[in-house]
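Undergrad:
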Ligand code: PSU
Ligand code: MN
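Residue numbers (the numbering used here): 1 to 315.
1) Work out the CA separation of residue 214 and residue 246 for me, nearest whole Å.
2) Quick check on DSSP: helix, strand or coil for residue 298?
3) Between residue 225 and the ligand PSU, is there a pair consisting of the residue's CB and a ligand heavy atom that are separated by less than 7 Å?
4) Can you give me the C-alpha to C-alpha distance between residue 308 and residue 100, rounded to a whole angstrom?
5) Could you work out which residue in 39, 158 and 112 is closest to residue 289 when comparing CA atoms only?
6) In angstroms, rounded to a whole number, what distance separates the CA positions of residue 16 and residue 69?
7) Hey, is residue 74's beta-carbon within less than 8 Å of any beta-carbon in chain C?
8) Is it right to say residue 291 is buried, meaning 16 or more other beta carbons lie within 10 angstroms of its own, or is it exposed?
9) Leaving out five residues before and five after residue 242 in sequence, what residues of the same chain have Cβ atoms less than 7 Å from its Cβ?
10) Indicate whether residue 154 and residue 168 have their beta-carbon atoms separated by less than 8 Å.
11) Where residue 45 and residue 53 are concerned, what is the direct C-alpha to C-alpha distance, given to the nearest angstrom?
12) Does the beta-carbon distance from residue 139 to residue 85 come in below 8 Å?
13) Counting C-beta neighbours from all protein chains within 10 Å, is the total for residue 55 16 or more, i.e. buried, or is it exposed?
14) On a Cα-Cα basis, can you pick out the residue from 117, 197, 125 and 200 that is closest to residue 150?
15) Less than 8 Å between the CB atoms is what I'm expecting for residue 136 and residue 235, so what's the real figure, rounded?
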């Protein structure tokens, strides 16, 4: 078994840990993992690569080392070069890869942009406990028929990483997503609000199952959870900053329209989340992209402070 902040020995053979990330982990300094599906399949170029660089800078400004994660040429990359970020942002050969895809991409030497699920897994293998993203996957609307439930939820149930996100997009069924998280023993905790946030909007209409007021409190929760031997992840929901939000009443019809367009195209499976994100950017004339970038930056700042608080407790 790997201990916290220790690189998993078998994974080390297929992993390239950036020297800066390796040094921070070895010294017990805070590190924040970042995903790459959001770059390759979540935003258009060039905003995607600008966001990726910018979010790394935000993590640094708040006292932690960023580790953007992807699979390149079959190698698990933890911490990327500027050229690698550019490749992820532009190369159409980069697949969206979740946990199920990881062994294939590694075995066949492909390029993969990692989702929340596969990023969590690689972060855990590297000994990173805190991860910032935009929004997490969840239970899709109509999942009773389609059974489309993101592997992000499965990974949250089993992998010891805290994911900081702006909650769950209302392209999903938020109520059912919270039910699945409860069933799987995953604390869904909102920072500074009694209401669970809905990505573009601060409010979702769903009470947050749990609430903390500060990153220090959240760090104590992580420490308590893993000290008690309760394995698995934590979802820390961080509402989008007020000045950047699109209120629920305004975004809901746009989401309904994007869902209807998707149904007309007959899209299913892994194509759905990228399609919906892109379609909502078109429908809102780019406003949802501005919101998306603002909330990722905010999550990166919170994750960096959380990682610093957690590193102090874990030392
Ligand atoms: N939410 C966003 N942007 C994204 C994603 C989610 O606002 O790019 C990506 C994340 O990588 C997440 C994935 O893990 O979509 C979920 O995909 P699926 O629903 O196919 O599991
Ligand atoms: Mn899915």
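All C-beta atoms in this analysis are idealised placements derived from N, C-alpha and C, irrespective of residue type, glycine included.
TA: Taking the coordinates as given:
1) For the purposes of this step, residue 246 is taken as residue 246 along the chain shown, with counting starting at 1. For the purposes of this step, residue 214 is taken as residue 214 along the chain shown, with counting starting at 1. One C-alpha to the other measures close to 24 Å.
2) On the chain shown, position 298 is the one that residue 298 refers to. In this structure, DSSP gives residue 298 a helical state, which the three-state scheme calls helix.
3) What you label residue 225 is simply residue 225 of the chain shown in a count that begins at 1. Outside the cutoff, so no.
4) Indexing the chain shown from 1 puts residue 308 at position 308. Indexing the chain shown from 1 puts residue 100 at position 100. About 31 Å.
5) What you label residue 289 is simply residue 289 of the chain shown in a count that begins at 1. When each option's Cα is compared against that of residue 289, the closest is 39.
6) Residue mapping note: residue 16 aligns to position 16 of the chain shown, counting from 1. Residue mapping note: residue 69 aligns to position 69 of the chain shown, counting from 1. Straight-line Cα distance between these residues: approximately 10 Å.
7) The structure shown contains no chain C, having only a single protein chain.
8) On the chain shown, position 291 is the one that residue 291 refers to. When all chains shown are included, residue 291 counts as buried.
9) As a working note, residue 242 is residue 242 in the chain shown. Correct list, in chain order: 202.
10) The residue you call residue 154 lines up with position 154 of the chain shown. The residue you call residue 168 lines up with position 168 of the chain shown. Going by C-beta atoms, residue 154 is not nearer than 8 Å to residue 168.
11) The residue labelled residue 45 in the question sits at position 45 within the chain shown. The residue labelled residue 53 in the question sits at position 53 within the chain shown. One C-alpha to the other measures close to 13 Å.
12) Stepping through the chain shown from its first residue, residue 139 is reached at position 139. Stepping through the chain shown from its first residue, residue 85 is reached at position 85. No, they are not a contact pair.
13) Locating residue 55 in the chain shown gives position 55, where the first residue counts as 1. The residue in question, residue 55, is buried, as its Cβ has 16 or more Cβ neighbours within 10 Å.
14) Translated into positions along the chain shown, residue 150 becomes position 150. Ranking the options by Cα distance to residue 150, first place goes to 117.
15) Here residue 136 refers to the residue found at position 136 when the chain shown is read from its first residue. Here residue 235 refers to the residue found at position 235 when the chain shown is read from its first residue. Contact flag correct, Cβ pair sits at about 7 Å.
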